[in-house]
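Engineer:
Numbering (the working numbering), first residue to last: 5 to 266.
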């Protein structure tokens, strides 16, 4: 997997949009999705993995109990994929990771933490068209039938009605990118989607390292972080927009007015 250390704001934007030109349609439509993190040393462990030893056996228990108690707050259709989206969105440990179609949203999450500006940030970039070529035939056929490059909950439910059935679709691990339903303005404003591996024990960064041409890392040097942050603020890519409501407003103001330190 390529790792590129950018040296300027202009180079960063060139790299983020490097794969956007699509000659066959004559449009700039990137086939990459992005995940920003404030520390380049961070890995792609899922929240489920971070529970520690035995996490794999906890997945079904967590989701089953979430579904039992969450009905008074949410009523998605009775599909494991819709319930997984709701659970991930509200912080339940799952095997999924958050991604975005928007390079600017990813940059926000790489630079939002003023306390981390002494560290290099990172943007993970994955070409979902390239990763789709590695899917089992059943899932590739679904994409062909729909004329799509991205899965929805309804499409995944046609391929597998449970996580166990999903995991059995192929002997080797594979990854799908999954657009959640528009549960609220946060998902819409963040242009969000999720990655989902066919094993809860496989790390996505390890999987990407074994698949040439699918993923890359853009490292944002610490000395560039403040410029990135200030330019995103001027472009209105802030907590106030990405987390609509008073909580997001308060987070934005607390960061924006925090005095600069050495």
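We put the CB at the ideal spot given by N, CA and C, even for glycine.
Tell me the residue span of the beta strand (DSSP E) that contains residue 220.
Structural biologist: 219 to 224
Engineer: At the level of alpha carbons, what is the spacing between residue 221 and residue 16?
Structural biologist: 11 Å
Engineer: In chain order, what residues of the same chain lie with their CB nearer than 6 Å to the CB of residue 123, ignoring the 5 residues before and after it?
Structural biologist: 43, 226
Engineer: Which whole-angstrom value is the C-beta distance of residue 97 and residue 55, which I expect to be below 8 Å?
Structural biologist: 6 Å
Engineer: Let me make sure I understand the geometry here. Which of 159, 34, 256, 48 has the alpha-carbon closest to that of residue 208?
Structural biologist: 48
Engineer: For residue 149, which of helix, strand or coil comes out of DSSP?
Structural biologist: helix
Engineer: So, is the C-beta of residue 106 closer than 8 Å to a C-beta in chain D?
Structural biologist: No chain D is part of this structure, which consists of one protein chain only.
Engineer: Starting from residue 259, trace the alpha helix (DSSP H) both ways and give me its first and last residue.
Structural biologist: 250 to 260
Engineer: Could you tell me the alpha carbon to alpha carbon distance between residue 8 and residue 223, rounded to whole angstroms?
Structural biologist: 6 Å
Engineer: Using 10 angstroms around the beta-carbon of residue 192, count the other beta-carbons present and answer buried if the total reaches 16, otherwise exposed.
Structural biologist: exposed
Engineer: Which residues mark the beginning and the end of the alpha helix (DSSP H) in which residue 106 is found?
Structural biologist: Premise fails: residue 106 is in no alpha helix (DSSP H) and is neither H nor E.
Engineer: I think residue 198 touches residue 182, with their Cβ atoms under 8 Å apart; what is that distance to the nearest whole Å?
Structural biologist: Between residue 182 and residue 198 the Cβ distance is about 5 Å, and since that is below 8 Å, they are a contact.
Engineer: What did DSSP end up calling residue 138 once you bin it into helix, strand or coil?
Structural biologist: coil
Engineer: What is the C-beta distance between residue 40 and residue 118, in whole angstroms, given that I count them as a contact (C-beta under 8 Å)?
Structural biologist: Contact doesn't hold; Cβ gap of about 15 Å is too wide.
Engineer: Under the rule that 16 or more other beta-carbon atoms within 10 Å means buried, what is residue 32, buried or exposed?
Structural biologist: Exposed, by the Cβ-count rule.
Engineer: Would you check if there are 3 or more beta carbon pairs closer than 8 Å linking the segment 66 to 78 to the segment 169 to 180?
Structural biologist: no
Engineer: I'd like the span of the alpha helix (DSSP H) that includes residue 158, first residue to last.
Structural biologist: 157 to 163
Engineer: For the candidate residues 236, 249, 86, 131, whose alpha-carbon lies nearest to that of residue 113?
Structural biologist: Measuring from the Cα of residue 113, the nearest candidate turns out to be 236.
Engineer: Under a Cβ-count criterion, where at least 16 other Cβ atoms within 10 Å of its own Cβ denotes burial, should residue 211 be classed as buried or exposed?
Structural biologist: buried
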